[in-house]
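Residue numbers (the working numbering): -18 to 209.
For every residue, glycine included, the Cβ atom is placed at its ideal position computed from N, Cα and C.
Encoded as structure tokens, the structure appears first; notes follow it.
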């Protein structure tokens, strides 16, 4: 993974999901957010301006799939990404990467300390809080505040909270990596590593497209086009 954090994304992935320039079809991800209204000071023009201002700098491969198709070309890290790009783009400033820690801790059960799983959950919840507060949605019904990243003051606040969260998550991530190392070293002899008889899971080679299909329905076949 990239060792240096990217601290200039400003959480615009949520805005890219609702990007709707003139003449473009409605963003597919709008149906996932029907339970949360937009903030009263945010409309379609505000969303479009925020996304178009300097484009989007999203490094999270899974998040890209939920972009509006029109927002894909505005992502500085690529309008389409493959699962293998995750190794190149994963970086410690990403709030979605913090959320992934909980998922990854669950995959290691029962070979991981329950307290560590709980810490991963707390990190994920705090990351999701910042994620929603920096979005164009009104989360006040759930006790959430607002980080107005469409303005300079909001972007500054987002960066400050992003750094604070990154520093808090760092030791938790290191402990989870250590837990995986311990499990792999205990479960496998060094000579056995790399001797797997199965091919890698096909989703490893899936491509993320804005507005595209889930990984397992969007596999790359031999000619480089999306397979079934």
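Exposure label - residue i; buried when at least 16 CB within 10 Å
| i | result |
| --- | --- |
| residue 131 | buried |
| residue 216 | Nothing in the structure corresponds to residue 216, since the chain is present only between -18 and 209. |
| residue 139 | buried |
| residue 40 | buried |
| residue 11 | exposed |
| residue 83 | buried |
| residue 90 | exposed |
| residue 81 | buried |
| residue 169 | exposed |
| residue 7 | exposed |
| residue -8 | buried |
| residue 70 | buried |
| residue 134 | exposed |
For residue j and residue i, the rounded distance between their alpha carbons
| i | j | result |
| --- | --- | --- |
| residue 166 | residue 156 | 15 angstroms |
| residue 2 | residue 32 | 10 angstroms |
| residue 0 | residue 101 | 31 angstroms |
| residue 9 | residue 172 | 48 angstroms |
| residue 188 | residue 45 | 10 angstroms |
| residue 159 | residue 77 | 21 angstroms |
| residue 72 | residue 42 | 11 angstroms |
| residue 117 | residue 34 | 15 angstroms |
| residue 207 | residue 75 | Because the pLDDT at residue 207 is just 41, under 50, the model does not fix this residue reliably, and the point stays unresolved. |
| residue 94 | residue 67 | 26 angstroms |
| residue 4 | residue 27 | 17 angstroms |
| residue 51 | residue 25 | 14 angstroms |
| residue 192 | residue 55 | 14 angstroms |
| residue 61 | residue 21 | 32 angstroms |
| residue 124 | residue 104 | 18 angstroms |
Nearest neighbour of residue i, chosen from the options [CA to CA]
| i | options | result |
| --- | --- | --- |
| residue 58 | -11, 99, 142 | -11 |
| residue 109 | 128, 38, -16 | 128 |
| residue 154 | -8, 99, -2 | 99 |
| residue 18 | 66, 90, 114, 82 | 114 |
| residue -16 | 22, 151, 168 | 151 |
| residue -6 | 95, 7, 20, 29 | 29 |
| residue 87 | 161, 55, 36, 133 | 161 |
| residue 23 | 119, 79, -13, 49 | 119 |
| residue -13 | 38, 27, 145, 134 | 38 |
| residue 79 | 145, 164, 123 | 145 |
| residue 164 | 123, 92, 97 | 92 |
| residue 126 | 36, 111, 63, 64 | 111 |
| residue 48 | 65, 69, 70, 14 | 14 |
| residue 121 | 16, -4, -2, 53 | 16 |
| residue 36 | 65, -4, 85 | -4 |
Per DSSP, the bridge partner or partners of residue i
| i | result |
| --- | --- |
| residue 188 | 63 |
| residue 118 | 19 |
Below-8 angstroms beta-carbon distance, residue i vs any chain C residue
| i | result |
| --- | --- |
| residue 40 | Looking at the structure shown, chain C is missing, and only one protein chain is on hand. |
Fill in: Inside the segment 4 to 62 only - alpha helix (DSSP H) runs reaching at least 4 residues
25 to 35, 42 to 45
Item to complete: Let me know the beta strand (DSSP E) ranges lying completely inside the segment 122 to 183, each 3 residues or longer, listed in chain order.
Response: none
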